[in-house]
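Following: one structure in structure tokens, then a few remarks.
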Amino acid sequence: MLTFAKELYPLNRSITGEGLRQTLRRIQVELPELQIRSVPTGTQVFDWIVPDEWEISDAFIEDPSGRRIVDFSNNNLHVVGYSVAVDVRMSLDELNLHLHSLPDLPDAIPYVTSYYHDNWGFCLSHRQRQSLPSGNYRVVIRSRKFDGVLNYGELFIPGRSAEEVLLSSYVCHPSLANNELSGPTVLTFLGKQLSARENRLSYRLVFVPETIGAICFLNDNLEHLRVSVSAGFNLTCIGDERNFSVIHSRLGTTLSDRVAVAAARMMSPSFREYTFLDRGSDERQYCSPLVDMPIVTLCRTRFYDFPEYHTSLDNFDVVTAQGLEGGFQFASKCIELLENNPRFRARFPCEPQLGRRGLYPSLGGAPSGASVNFLLDVLAYCDGHHDAQAISQITRRPVEDVTRALDVLLSYDLIRQ
Numbered sequence: 120m121l122t123f124a125k126e127l128y129p130l131n132r133s134i135t136g137e138g139l140r141q142t143l144r145r146i147q148v149e150l151p152e153l154q155i156r157s158v159p160t161g162t163q164v165f166d167w168i169v170p171d172e173w174e175i176s177d178a179f180i181e182d183p184s185g186r187r188i189v190d191f192s193n194n195n196l197h198v199v200g201y202s203v204a205v206d207v208r209m210s211l212d213e214l215n216l217h218l219h220s221l222p223d224l225p226d227a228i229p230y231v232t233s234y235y236h237d238n239w240g241f242c243l244s245h246r247q248r249q250s251l252p253s254g255n256y257r258v259v260i261r262s263r264k265f266d267g268v269l270n271y272g273e274l275f276i277p278g279r280s281a282e283e284v285l286l287s288s289y290v291c292h293p294s295l296a297n298n299e300l301s302g303p304t305v306l307t308f309l310g311k312q313l314s315a316r317e318n319r320l321s322y323r324l325v326f327v328p329e330t331i332g333a334i335c336f337l338n339d340n341l342e343h344l345r346v347s348v349s350a351g352f353n354l355t356c357i358g359d360e361r362n363f364s365v366i367h368s369r370l371g372t373t374l375s376d377r378v379a380v381a382a383a384r385m386m387s388p389s390f391r392e393y394t395f396l397d398r399g400s401d402e403r404q405y406c407s408p409l410v411d412m413p414i415v416t417l418c419r420t421r422f423y424d425f426p427e428y429h430t431s432l433d434n435f436d437v438v439t440a441q442g443l444e445g446g447f448q449f450a451s452k453c454i455e456l457l458e459n460n461p462r463f464r465a466r467f468p469c470e471p472q473l474g475r476r477g478l479y480p481s482l483g484g485a486p487s488g489a490s491v492n493f494l495l496d497v498l499a500y501c502d503g504h505h506d507a508q509a510i511s512q513i514t515r516r517p518v519e520d521v522t523r524a525l526d527v528l529l530s531y532d533l534i535r536q
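Here the sequence shown stands for residues 120 to 536, numbered as in the numbering used here.
Right under this line is the structure:
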């Protein structure tokens, strides 16, 4: 996974353009069934309009001596995303109106975009910015906006059931390792694992440009998704070694919420939980009121909460092989909990007669054993709606205990899946 992420790192991704397509094509090498969708510029998607496609070939700043001091070819974070073309000379005071830096992180290049307004700018470290001498500077950005397309990737992996799990990540940021590449990297390798085995559930994987890409995907598929998706996860910032985090769905009570918390607790007792009020990624779209899908975001350290976020310091000092492995295991545990979490229905009205099956004390009126009470508690929620995770939460018993009780009830033909 780390090798794969490093290969994608230098590509100049944005919400449209060739860098995004290159990223999707590279993912397609690992997932040959991935379909690359195209949505034309100007398409109305709910309340949004797909923007012009953006292309950039070069950008730089030359100081008064003619020396190139900021160069897009050295780091694609140097240019504000979606900058319009410029080729001008200007004073340092004029140039400063178009420069972005971070005084609190003086050696970091910030990540800045202007997708929906014509603008231009450069990003550089605050230390370099403070060292710029007075004089006239040449500023060049060779870019263009044009009628093109927005692309996203979609892979459907059918299972024995038509019930779907949605797995999503975004592919629109340039050279950012944790905030960008950890999510699609882990999702790609989850896709490889799921494609190579038989699954009870069906899986739909999407690789989208954040916000506008998720909106396009939902616009294309909302009615189907509403009927078919029973759970899902958005993957982002999942490659560092610091923690494990869950950002809950809007209501916080879905199967996805229960599964994510159970998996996070397995990974680390000190995992972090956030409500939907702490949202910031594509859970914003998937859980919006008129979409209302059961999507939870999985992170190692949540966006905003690590100091390197949206800067050039978000590199492979932050994302490591061990960090990616932990992120992969976190998401895999969520999937395994879903795969082993069917719903059951009791076969008889009222309680079944446990005594003739050897499951109840033979003396009437004698106190029943705790195991019998627990079997009956589990059976009480075998109504076709409650899964093992829900029963675990209601009974306040570990899901492993619930699963064992379900196995007993199944073996005596007292419930059916």
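From the three backbone atoms N, C-alpha and C, an ideal C-beta is built for every residue, glycine too.
Keep in mind the model is a prediction, meaning the values are calculated, not measured.
- prompt: In terms of residues, what are the limits of the beta strand (DSSP E) holding I334?
  reply: Sequence index remark: in the sequence shown, residue 334 carries index 215 (1-based). It is not in any beta strand (DSSP E) - I334 instead sits in the alpha helix (DSSP H) that spans I331 to S347.
- request: Go ahead and label P303 buried or exposed: buried means 16 or more other beta carbons lie within 10 angstroms of its beta carbon, across all protein chains shown.
  value: In the sequence shown, residue 303 corresponds to position 184, counting from 1. By the neighbour-count rule (16 or more Cβ atoms within 10 Å), P303 is buried.
query: Is it right to say S133 is buried, meaning 16 or more other beta carbons lie within 10 angstroms of its own, or is it exposed?
result: In the sequence shown, counting from the first residue as 1, residue 133 sits at position 14. S133 is buried by the Cβ-count criterion.
- prompt: Which value, in whole angstroms, describes the spacing of the CA atoms of H219 and S176?
  reply: Locating residue 219 in the sequence shown gives position 100, counting from the first residue. Locating residue 176 in the sequence shown gives position 57, counting from the first residue. Going from the Cα of H219 to the Cα of S176 covers about 21 Å.
task: Report the option in G267, L286 and A281 whose CA atom is closest to the CA atom of E273.
output: Indexing the sequence shown from 1 puts residue 273 at position 154. Ranking the options by Cα distance to E273, first place goes to L286.
task: Classify F265 as buried or exposed, calling it buried when 16 or more other Cβ atoms lie within 10 Å of its own Cβ.
output: Here residue 265 corresponds to residue number 146 of the sequence shown, with the count starting at 1. Flag for F265 reads exposed.
task: Would you mind listing the beta strand (DSSP E) stretches within the stretch 190-238 that are 3+ residues and don't spill past its ends, in chain order?
output: 205-210
task: Could you pull out every residue in the same chain whose Cβ sits closer than 8 Å to the Cβ of L127, ignoring the five residues on either side in sequence?
output: For the purposes of this step, residue 127 is taken as residue 8 along the sequence shown, with counting starting at 1. If we look at L127 and ignore the five residues flanking it on each side, its Cβ neighbours are T142, R145, L300, P303 and T304.
field: G484 in three-state terms, based on DSSP
entry: The residue you call residue 484 lines up with position 365 of the sequence shown. Because the pLDDT of G484 is 45, which lies under 50, any placement of that residue in the model is unreliable, and the question is left without a value.
message: Taking the alpha carbon of F191 as the reference point, which residue from R261, D166 and V158 has its own alpha carbon closest?
response: The residue given as residue 191 occupies position 72 in the sequence shown. Among R261, D166 and V158, the Cα nearest to that of F191 belongs to R261.
field: Which of helix, strand or coil DSSP assigns to A281
entry: Locating residue 281 in the sequence shown gives position 162, where the first residue counts as 1. Here A281 sits in coil by DSSP.
query: How many angstroms separate the CA atom of A485 from the CA atom of V491?
result: Numbered from its first residue, the sequence shown carries residue 485 at position 366. Numbered from its first residue, the sequence shown carries residue 491 at position 372. Reliability of the predicted coordinates at A485 is poor, the pLDDT of 44 falling under 50, and no value is obtained from them.
- prompt: Based on Cα-Cα distance, which residue from L457, H429, G474 and P129 lies nearest to S321?
  reply: Working through the sequence shown from its first residue, we reach residue 321 at position 202. Checking every option, the nearest Cα to that of S321 belongs to L457.
- prompt: Are there 16 or more other CB atoms within 10 angstroms of the CB of A315, so buried, or fewer, so exposed?
  reply: For the purposes of this step, residue 315 is taken as the residue at position 196 of the sequence shown. Exposed.
field: Simplified DSSP assignment, three categories, for L121
entry: Here residue 121 refers to the residue found at position 2 when the sequence shown is read from its first residue. If DSSP states are grouped into helix, strand and coil, L121 belongs with the helices.
message: Once the 5 residues before and after G240 are set aside, which same chain residues still bring their CB inside 8 Å of it?
response: Translated into the one-based positions of the sequence shown, residue 240 becomes position 121. If we look at G240 and ignore the five residues flanking it on each side, its Cβ neighbours are V198, V199, S202, H217, L218, H219, V231 and S233.
field: Rounded separation between P461 and D359 - CA only
entry: For this step, residue 461 is matched to residue 342 along the sequence shown. For this step, residue 359 is matched to residue 240 along the sequence shown. Between P461 and D359, the C-alpha separation is close to 32 Å.
message: Tell me the DSSP secondary structure of T430 in three-state form.
response: Counting from one through the sequence shown, the residue named residue 430 turns up at place 311. T430: strand per DSSP, three-state reduction.
Close beta carbons around T514, own chain, < 6 Å, minus the five adjacent residues each side: In the sequence shown, the residue the question calls residue 514 occupies position 395. Within the same chain, T514 has close Cβ partners D496.
field: Residue environment, L374, which counts as buried when at least 16 other CB atoms sit within 10 Å
entry: Start at 1 with the first residue of the sequence shown, and residue 374 comes out as number 255. With 16 or more Cβ atoms within 10 Å of its Cβ, L374 is classed as buried.
- prompt: Does the Cβ of S210 have 16 or more other Cβ atoms within 10 Å, making it buried, or fewer, making it exposed?
  reply: Translated into the one-based positions of the sequence shown, residue 210 becomes position 91. It is exposed - the Cβ of S210 has fewer than 16 other Cβ atoms within 10 Å.
Host alpha helix (DSSP H) of D502 (start-end): Here residue 502 is taken as the residue at index 383 of the sequence shown, counted from 1. Not the alpha helix (DSSP H): D502 falls in the beta strand (DSSP E), residues D502 to D506.
- request: Would you tell me roughly how many angstroms separate the C-alpha atoms of N298 and R419, rounded to the nearest one?
  value: Here residue 298 refers to the residue found at position 179 when the sequence shown is read from its first residue. Here residue 419 refers to the residue found at position 300 when the sequence shown is read from its first residue. Rounded to whole angstroms, N298 to R419 spans 10 Å at the Cα level.
field: Three-state secondary structure assigned by DSSP to I168
entry: Numbered from its first residue, the sequence shown carries residue 168 at position 49. Looking at I168 - three-state DSSP - the assignment turns out to be strand.
- prompt: Exposed or buried, D506, counting other C-beta atoms within 10 Å across all chains shown (16 or more means buried)?
  reply: On the sequence shown, residue 506 is found 387 positions in, with the first residue counted as 1. It counts as buried.
field: Backbone secondary structure at E392 - three-state DSSP
entry: Reading the sequence shown from its first residue, position 273 is the one you call residue 392. Strand at E392.
- request: Report the rounded CA-to-CA distance for A204 versus N238, giving the unit in angstroms.
  value: Taking the sequence shown and counting its residues from 1, one reaches residue 204 at position 85. Taking the sequence shown and counting its residues from 1, one reaches residue 238 at position 119. Cα to Cα, the separation comes out at about 9 Å.
task: State the Cα-Cα distance for the pair L214 and D433, rounded to the nearest angstrom.
output: Residue 214 sits at position 95 when you count from the first residue of the sequence shown. Residue 433 sits at position 314 when you count from the first residue of the sequence shown. Cα-Cα distance, rounded: 26 Å.
- prompt: When burial is assigned at 16 or more other CB atoms within 10 Å of the CB, is T307 buried or exposed?
  reply: Within the sequence shown, residue 307 is the residue found at index 188, counting from 1. T307 is buried by the Cβ-count criterion.
message: For a quick check, are the C-beta atoms of C335 and V158 less than 8 Å apart?
response: By 1-based counting over the sequence shown, the position of residue 335 is 216. By 1-based counting over the sequence shown, the position of residue 158 is 39. Yes, the pair counts as a contact, with Cβ atoms nearer than the cut-off.
query: My guess is that N353 and E402 are in contact by the Cβ rule of under 8 Å, so how many angstroms apart are they, rounded?
result: On the sequence shown, residue 353 is found 234 positions in, with the first residue counted as 1. On the sequence shown, residue 402 is found 283 positions in, with the first residue counted as 1. About 5 Å; that satisfies the 8 Å criterion.
- prompt: Which class does D177 belong to by DSSP, given the choice of helix, strand or coil?
  reply: Numbered from 1 along the sequence shown, position 58 holds the residue referred to as residue 177. Reduced to three states, the DSSP call for D177 is strand.
message: If you measure between the beta carbons of V189 and E283, is that distance less than 8 Å?
response: On the sequence shown, residue 189 is found 70 positions in, with the first residue counted as 1. On the sequence shown, residue 283 is found 164 positions in, with the first residue counted as 1. In this structure, E283 does not lie closer than 8 Å to V189 by Cβ.
- prompt: In its own chain, which residues sit with a C-beta less than 7 Å from the C-beta of S530, not counting the 5 before and 5 after it?
  reply: For this step, residue 530 is matched to residue 411 along the sequence shown. Closer than 7 Å at the Cβ level, and outside the excluded window around S530, lies no residue.
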